[in-house]
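Under UniProt numbering, the first residue of the sequence shown is numbered 1, with each subsequent residue one higher.
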Amino acid sequence: MTSSFLLLSVNALYADFLDSMPSHLTLNGGSTQTHNAIAYAAAQNYTFGNTSNTSRGNNFSISSTGTGRGTLILNATLPQNPVRPPSNGFINFYFGNVNISDSIVMMTNFDEFTLERQTRLINSDLTIKFGDKKDKVFGLNNANAQLILVDSVFSADAESFQIATKGAMLQATNSTIDLGSAKVSNYGSIEINGGSAKFGAITNIGYDSNSVSLLDNASTATFINNGGNITINGNFTNGGFTSSTCYKSFVSGNTCGGGILINNGGTITINGSLTSEGNGLGVSDDGYAYLGSFQPSSIQLYGGTLQVNGDVTNKDGSTLTFGAYNGIMGKIEGNLTNENGGKIIVDIRGANAGNHTLVTGDKNGWDTNSVQIVGGTNNEFLNVDKQSEGQINIVLNQNAITAFQTQLTQNQSGILNALDSQFSNIYSFGGGSFLKNVANNIADTLYSSYVATPLAMIDWLKSNLALSEYRQMNNTLSVSVLGGGLGGKALGIGGLGGLHIGWDFMRSNHAFRTHIGYAYGNAQYNLTHAQATTQSHLVQVGLSDVITLRNIEVVLGAFGSSGFFSTERNSTFTDEATRALGQFNYNQISVDSSIGYRLSNGVFSLKPYIGLAQYLNIHNQIAESGDLTLQSKANFAYILSGVVGIENRYWLRGGSIFLGASYEYMLVNTHKNMAFELGANHDKLMFQAPLQHKVALRVGGDAVVGRNMLLGFEGFYKNSLQDIYYYGINASFRYVF
C-alpha cells in the first residue's frame with residue numbers, strides 16, 4: 001500500500017513505489033534519490049497510477065529543501081510474477097494533479113505517459129526517457145489535461161506528443177521544451193511565452209471530444225508564440241479536412257476543425273512546409289461526409305519572423321494576417337503561395353513609418369489590389385503604399401499630425417502620447433475623430449474610477465444614514481437595511497447595499513445619535529473604446545446632536561468615512577484589450593452644522609434651515625498594475641459648502657411622513673484639480689473635482705407597529721447638475737428601551 005504522505009530522507013533512499021507515487025516527496029537540495037516504480041498488471045498493459053486502488057492518475061507533489069534543487073530518478077519496473085500478465089508489456093504512467101517545484105525529475109523506461117489532470121512545473125526539470133517499445137506516446141488525453149511550465153525545462157524522447165481534444169493545453173512561460181522530432185498532434189492549444197521549444201511535425205486541427213456525431217460543429221486548435229524561439233522539424237498543418245485527422249464514422253464524432261497559428265514578436269522556424277486551410281464542407285479527401293459547420297483557419301504574424309524552409313501555402317478558408325509588434329511588422333522568410341479562397345490582411349495598426357518587407361521569397365497569388373489593409377489607412381495622418389508584392393511603405397503626414405496635436409486638450413494629448421508609447425505610431429490606428437473618441441473614452445473611465453465614483457459612493461453612504469432628526473427618541477436602537485444606485489455620464493451605472501446600526505439618546509434639550517454603517521458598491525462604465533469597473537467596501541461612523549431652543553433647532557454632526565476601492569480598466573480600441581488594475585483608499589472627515597426654525601400646528605411641521613458642510617477628503621496614492629497604468633500621489637482637499645433646505649413632516653395616528661429638499665454649493669475647495677500620470681512616460685492628466693452642486697430630495701415615514709417598536713422607510717435622490725446622480729432607500733426597525 002502507498003502511504004498518503006512520505007517524507008524521504010537519507011535512510012529512505014532507493015525505496016520502491018508500488019502502483020503509484022506517494023502524495024508528497026521532499027528532496028534534499030543538491031542530492032539525488034533513485035527509486036523503482038513497480039507497475040500494476042492491468043488487463044491489457046502495465047500501469048502506474050491507474051489501478052483499482054488509486055484515482056485515475058497519480059496525484060502527487062515534489063519539492064526540495066535546503067540549498068539547490070534535489071534530483072529524483074524514477075525507473076519503471078515490472079512486478080514479479082503477476083497473477084494475470086497483461087497482453088503486452090507496455091508500462092503507462094498516469095499523471096493526475098501533479099506539482100513539481102524547485103526539483104529535477106527523470107523518469108526512465110516507461111513506454112507511454114498519460115496526463116489526466118493538471119501537471120505544473122515551477123523552476124524544475126522533467127526529463128523523460130522512454131523504454132524500447134514502439135510508439136512512445138506522451139498524451140494529454142481529455143479536456144482537463146494541462147501541462148504548465150514556469151521557468152522550467154521539459155524534454156522527452158517521445159515519438160508522438162498528443163493534445164487530444166479541445167480544452168487540453170500545453171503552456172510554457174520562460175521555459176525550455178525539447179521534444180526532438182516527436183510528431184505533435186494538437187487538437188487543443190499550445191502557448192509558448194518566451195523561452196524556447198523544439199517539436200517535430202505539427203498537426204494543428206481543432207477537435208472536441210464532447211461532440212457525438214459529424215453533425216456537431218467543429219472546433220479550432222491554437223498554437224501561440226509570445227516572444228519565444230520555436231523550431232519545428234517537419235511540416236506544420238494548420239486546420240483542414242483530411243482523412244488522417246477525421247473519424248470515418250457518422251456517429252463517432254468530429255475531429256475536423258480549424259487551426260490558428262499566432263506569432264507575437266517571436267521566431268518560428270519550420271524545417272518543412274506550412275499549409276493552412278479551413279476545415280471545408282461536404283466531403284473529405286477520401287470521400288467521407290462532414291455535415292458540421294465551417295471552421296476557418298488563420299496565420300497571424302504580429303512582429304517577429306516566421307522562417308519556412310519549404311513553402312507557406314494559404315488555402316481556401318484560411319486568412320494570413322501581417323501585423324505589428326513593437327512597431328515592427330511580422331514577416332515570412334520563405335516562399336508564399338496564396339490559393340483561390342485564401343485571404344491576406346495587412347494590419348498596420350501600431351506599425352512604424354517606413355518600408356516593411358512582409359515576404360522575402362517568391363510570392364504566388366499575391367494581388368496588391370485585393371490585399372486588405374486594416375487600420376488607419378489613407379487617413380489624414382498617413383498613406384499606405386503597397387509598393388510591390390510582399391512590401392508596404394507607411395508614410396506619415398507630419399504637418400497634419402502637428403496641426404491635430406495643437407487642437408487637443410491636456411488630457412487628450414496626455415492619453416494619446418501614452419498610447420503612442422504603449423502601441424507605437426498611434427496615428428496608424430485611425431484619423432483625428434477616431435483618436436479623439438478613444439482619448440475621451442479613456443479619460444471618462446479614469447475620471448469615473450478615481451475621481452467621481454469614490455466620492456459619490458462615500459456621499460451616498462452618508463446621505464443614506466442621515467435619518468430625519470425630528471423623530472429621535474430616548475434610548476432607541478435602530479437597525480436599517482440600505483440599498484440604492486448611482487448613474488450619470490460621469491459615473492456609468494452601479495448599485496450599493498449595506499447595513500446601518502444606530503443609537504439615539506437624549507439629555508436635556510440635546511438629542512444625540514451615534515451610528516455605524518457599512519455598504520458594498522459596484523459600478524460599471526462601458527463606452528465604445530474603454531470600460532471600467534469599480535468595487536468598494538464603505539464604512540462610516542457618525543455622531544450628531546440636535547439642540548432644541550423652543551422653535552429653533554441647531555443640528556451638529558461629525559462623520560468619518562473610509563472607502564476601500566478596487567478598479568479594473570480596459571481599453572478595447574485594438575483587437576487585444578489593455579487591462580489595468582488598481583487599489584486605493586479614500587477617506588473623508590466631515591462636519592455639518594445647520595440652524596433652522598420649526599413651525600408646527602400639532603399635526604404638521606415645517607422647518608427651513610441654512611447651514612455649512614465641511615469636508616476633509618484624503619485620497620491615497622494610486623499605482624495601477626498592468627497596461628497603460630495610472631499613477632498619482634496622495635492628496636488632501638478641504639471643502640466648505642453652504643447649504644439651504646426645507647423639511648416638513650405630517651403626523652398621522654401612530655406614524656408620520658416627511659418630505660425634504662436641500663441645495664448644497666461648494667464655496668471653497670483647496671484642491672480643485674486632481675493630477676494624475678498615465679503610462680510609462682508619466683504623461684500628465686488633470687481632472688476637476690466633482691460635486692460642485694448637490695440638489696437633494698428626501699421622502700420617508702415611520703409607523704408604530706407594537707409596544708416600543710417602529711418601522712421606518714426613507715428614500716433620497718441627489719443630483720450634482722454635472723452628470724452625476726445617486727439615490728438610496730433604507731428600511732429601518734427601531735426599538736425604544
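Here a beta-carbon is modelled for each residue, glycine too, at the ideal position from N, C-alpha and C. All values derive from a computational prediction rather than experimental measurement.
To the nearest angstrom, report how far apart GLY282 and GLY341 are at their CA atoms.
The sequence position of residue 282 within the sequence shown is 282, counting from 1. The sequence position of residue 341 within the sequence shown is 341, counting from 1. Annotation note: pLDDT 47 at GLY282 (below 50); position unreliable, coordinate value reported separately. Distance between the alpha carbons of GLY282 and GLY341: 16 Å.
Within 10 angstroms of the Cβ of SER252, are there 16 or more other Cβ atoms? Answer buried if so, exposed if not.
As a first step, residue 252 is located in the sequence shown; it is residue number 252 there, counting from the start. Caution is warranted here: a pLDDT of 41 is assigned to SER252, below 50, making its placement in the model unreliable, and the coordinate value is therefore given only provisionally. That one is exposed.
With 16 other CB atoms within 10 Å as the buried threshold, where does ASN369 fall?
In the sequence shown, counting from the first residue as 1, residue 369 sits at position 369. So ASN369 ends up on the exposed side.
Could you have a look at PHE154 and say whether DSSP puts it in helix, strand or coil?
Reading the sequence shown from its first residue, position 154 is the one you call residue 154. Strand, per DSSP.
Could you work out which residue in GLY560, GLY303, PHE505 is closest to GLN540 when comparing CA atoms only?
For the purposes of this step, residue 540 is identified with residue 540 of the sequence shown, where counting begins at 1. For GLN540, the nearest C-alpha among the options comes from GLY560.
Can you give me the C-alpha to C-alpha distance between PHE737 and ASP683, rounded to a whole angstrom?
Within the sequence shown, the letter at position 737 stands for residue 737. Within the sequence shown, the letter at position 683 stands for residue 683. For PHE737 and ASP683, the distance between alpha carbons rounds to 60 Å.
Give a yes or no on whether 9 Å exceeds the smallest Cβ distance from GLY57 to chain D.
In summary, chain D is missing from the structure at hand, where a single protein chain is found.
List the DSSP bridge partners of ASN338.
Working through the sequence shown from its first residue, we reach residue 338 at position 338. Answer is ASN314.
Using 9 Å as the threshold, is the C-beta distance between LEU482 and ILE230 below it?
For the purposes of this step, residue 482 is taken as the residue at position 482 of the sequence shown. For the purposes of this step, residue 230 is taken as the residue at position 230 of the sequence shown. No, they are not a contact pair.
Once DSSP output is grouped into helix, strand and coil, what is the label at ASP723?
Along the sequence shown, read from residue 1 onward, the residue named residue 723 stands at position 723. Coil at ASP723, not helix or strand.
For the candidate residues LYS718, GLY431, SER424, ALA661, whose alpha-carbon lies nearest to that of PHE381?
The residue you call residue 381 lines up with position 381 of the sequence shown. Minimum Cα distance to PHE381 is reached at GLY431.
Quick check on the DSSP output: the beta strand (DSSP E) that includes SER196 runs from which residue to which?
Position 196 of the sequence shown, counting from 1, holds the residue named residue 196. Unbroken beta strand (DSSP E) run through SER196: 196–204.
Got a sec? Which residues, its chain only, sit under 8 Å from ASN233 by beta carbon, not counting five neighbours each side?
Here residue 233 refers to the residue found at position 233 of the sequence shown. Closer than 8 Å at Cβ, skipping near neighbours: GLY180, SER181, LYS198, PHE199, GLY200, ALA201, ASN271, GLY272.
Which runs of the alpha helix (DSSP H) at least 4 residues long sit entirely within the region 653–717? Give them in chain order.
Here no run is fully enclosed.
Where does residue 787 land, buried or exposed, given buried means 16+ other C-beta within 10 angstroms?
Because the chain in this structure spans residues 1 to 737, residue 787 falls outside the shown range and cannot be described.
I'd like the list of long-range same chain contacts for VAL438, defined as Cβ closer than 6 Å, with 5 residues on each side in sequence excluded.
As a working mapping, residue 438 is identified with position 438 in the sequence shown. Answer for VAL438: HIS529, PHE573, listed in chain order.
Please return the same chain residues whose Cβ sits closer than 7 Å to the Cβ of VAL395, not counting the five positions on each side in sequence.
Residue 395 sits at position 395 when you count from the first residue of the sequence shown. Same-chain partners within the cutoff: ALA353, LEU382, ASN383, ASP385.
Roughly how many angstroms lie between the CA atoms of TYR46 and THR127, to the nearest whole one?
Taking the sequence shown and counting its residues from 1, one reaches residue 46 at position 46. Taking the sequence shown and counting its residues from 1, one reaches residue 127 at position 127. So the two alpha carbons sit approximately 21 Å from each other.
Below 8 Å on the Cβ atoms is my guess for SER562 versus GLY492; work out the distance and round it to an integer in Å.
As a first step, residue 562 must be located in the sequence shown, where it is residue number 562. As a first step, residue 492 must be located in the sequence shown, where it is residue number 492. Not quite, the Cβ-Cβ distance comes to about 23 Å (not below 8 Å), so this is no contact.
Taking C-alpha atoms, which residue in GLU333, GLY485, THR409 lies nearest to LEU435?
For the purposes of this step, residue 435 is taken as the residue at position 435 of the sequence shown. Nearest of GLU333, GLY485, THR409 to LEU435, Cα basis: THR409.
Since I believe GLY701 is in contact with GLY715 (beta carbons under 8 Å), could you give me their beta-carbon distance rounded to a whole number of angstroms?
Taking the sequence shown and counting its residues from 1, one reaches residue 715 at position 715. Taking the sequence shown and counting its residues from 1, one reaches residue 701 at position 701. Their Cβ separation, rounded to whole angstroms, is 10 Å, which puts GLY715 and GLY701 out of contact at 8 Å.
Between the C-alpha atoms of LEU121 and VAL153, what's the straight-line distance to the nearest angstrom?
Counted from its first residue, the sequence shown places residue 121 at position 121. Counted from its first residue, the sequence shown places residue 153 at position 153. If I take the Cα positions, the gap works out to 8 Å.
Considering only the alpha carbon of each residue, which of THR670, LEU477, ALA456, ALA703 lies closest to LYS694?
The residue you call residue 694 lines up with position 694 of the sequence shown. Selected option, being the one with the closest Cα: ALA456.
Would you call GLU624 buried or exposed, if buried means 16 or more other Cβ atoms sit within 10 Å of its Cβ?
If you number the sequence shown from 1, residue 624 lands on position 624. So GLU624 ends up on the buried side.
Can you tell me where the alpha helix (DSSP H) holding SER421 begins and where it ends?
The sequence position of residue 421 within the sequence shown is 421, counting from 1. Segment 410–423, the alpha helix (DSSP H) holding SER421.
Rounding to the nearest angstrom, what Cα-Cα distance links ASN144 and GLU159 in this structure?
Within the sequence shown, numbered from 1, the residue matching residue 144 stands at position 144. Within the sequence shown, numbered from 1, the residue matching residue 159 stands at position 159. Distance between the alpha carbons of ASN144 and GLU159 is about 23 Å.
Would you decide whether ASN186 is buried or exposed? Buried here means 16 or more other CB atoms lie within 10 Å of its CB.
Here residue 186 corresponds to residue number 186 of the sequence shown, with the count starting at 1. Its Cβ being crowded by 16 or more others within 10 Å, ASN186 is buried.
What residue from LEU640, LYS343, LEU18, ARG653 has the CA that sits closest to VAL704's CA?
Position 704 of the sequence shown, counted from the first residue, corresponds to residue 704. Nearest option by C-alpha distance: ARG653.
Which of the three DSSP states is assigned to GLN405 in this structure?
To locate residue 405, count along the sequence shown from 1; it is residue 405. Helix, per DSSP.
Apart from the five residues just before and just after GLU389, which ones in its own chain have a Cβ nearer than 8 Å to its Cβ?
Mapped onto the sequence shown, residue 389 falls at position 389. Counting only Cβ-Cβ distances below 8 Å, and skipping sequence neighbours, we find VAL359, LYS363, TRP366, THR368.
What are the uninterrupted segments assigned as beta strand (DSSP E) that are 3 or more residues long and contained completely in the region 485–552, given in chain order?
For the region 485–552, whole beta strand (DSSP E) runs of length 3 or above, ordered along the chain, are 492–507, 510–526, 530–549.
Excluding the five sequence neighbours on either side, which residues of its own chain have a C-beta within less than 6 Å of the C-beta of ASN620, listed in chain order?
The residue given as residue 620 occupies position 620 in the sequence shown. Result list for ASN620: PHE584, ASN585, ALA634, in chain order.
Let me check one thing: in DSSP terms, what residues is LEU261 bridge-paired to?
The residue labelled residue 261 in the question sits at position 261 within the sequence shown. In DSSP, LEU261 forms a bridge with PHE223, ILE299.
If we ignore side chains and look at the alpha-carbon of each, how far apart do THR245 and ALA351 end up?
Here residue 245 refers to the residue found at position 245 when the sequence shown is read from its first residue. Here residue 351 refers to the residue found at position 351 when the sequence shown is read from its first residue. Bear in mind that the predicted position of THR245 carries a pLDDT of just 44, short of 50, making it too unreliable to give a figure here.
Would you tell me roughly how many angstroms separate the C-alpha atoms of ARG707 and ALA580, rounded to the nearest one?
If you number the sequence shown from 1, residue 707 lands on position 707. If you number the sequence shown from 1, residue 580 lands on position 580. Their backbone Cα atoms lie some 55 Å apart in a straight line.
Restricting to Cα atoms, I'd like to know which of LEU496, PHE604, GLY521 is closest to SER656.
For this step, residue 656 is matched to residue 656 along the sequence shown. Of the candidates LEU496, PHE604, GLY521, the one whose C-alpha sits nearest the C-alpha of SER656 is PHE604.
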